[in-house]
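Heads up: the structure comes next, in structure tokens.
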Amino acid sequence: MTRINALLLLLVLALPTAVGAAEEENVSRANELLFLTDHLANVSQPGTLRYEFHKEAREEKGFTDELDIRVTRINDDGSKHCEVDYFTGERERFFPPIDHATGNPVLLAFLQRDVRDMEQRTGGSWRYFQKRMKIALADAAAVEPVTLSVAGHRVEGTRVRITPFVGGRYRKRFANLADKYYVFTLSEAVPGGIYRLRSVVPADDPSGPPRIEEVLTFEELTHRTARAEAGD
């Protein structure tokens, strides 16, 4: 098991404990929406939540791929057993199955990839990036209601935005990431509760296209639970 896979497994296994502790304390609205909400409550039978991942970058090749959350079992307590098909072909990544999931694993998958990418780009520690995100979600998140267009229908949702690296003692070291921001768009009307996850590294010129933009968007819920084969 690679170090990053071990980190991911640690995050997945530690999440229920962290959530339980947080419920006993004052929790920010952003953390409540992202980590203390049963996103999968509106998935009432086994099926597959399909998401499209799209990356655009000015100095490297972008790509589009798929990420599937397969809900293979509904547990007696209403939680779900989930398996994750994380990209396809050469880009495919390991993500451990999660039993008794209530939060949507797609959020962990998105953040895991993001932290890994920043660690590789900067040589910094994933712990630093994780800590800055934690602080931003607790103290500096902007939360606002939004109206979304999903499959031709207008639905109500909530948008959470953070800029976690704008401060901190390592701002100069990670100057290229200082203005990076994240936008999490949620809606109870969307199966799995999460409509879109987006991270943006802006260009030096605000009027220009972003240096890097990554977007994960909900596409559909199907009743298929078997892993899709190439060409399906």
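With the first letter of the sequence shown counted as 1, position 214 gets the number 214 in my numbering; the numbers rise by one all the way through.
Even for Gly, the Cβ is constructed at its ideal location relative to N, Cα and C.
The structure presented is a predicted model; accordingly, all values stated were derived computationally and were not measured.
- A direct Cα-to-Cα measurement between Pro46 and Gly78 gives close to 12 Å.
- Residues Arg159 of the same chain have their beta carbon placed closer than 6 Å to that of Glu144, with the five preceding and five following residues left out of the count.
- Look at the beta carbons and you see the segment 129-147 not touching the segment 99-108: under three pairs across the two are nearer than 8 Å.
- Boundaries of the beta strand (DSSP E) harbouring Thr185: Tyr181 to Leu186, taken from the DSSP string.
- In the three-state reduction of the DSSP assignment, Val106 falls in the helix class, which pools H, G and I.
- According to DSSP, Asp99 shares a beta bridge with no other residue.
- Secondary structure of Ala226 (DSSP, three-state): coil.
- Thr88 sits away from Arg70, with the two beta carbons spaced by 8 Å or more.
- Note on Ser207: under 16 other CB atoms within 10 angstroms of its CB, so exposed under the neighbour-count rule.
- Between the segment 164-175 and the segment 196-204 there are fewer than three C-beta pairs closer than 8 Å, too few to call the two in contact.
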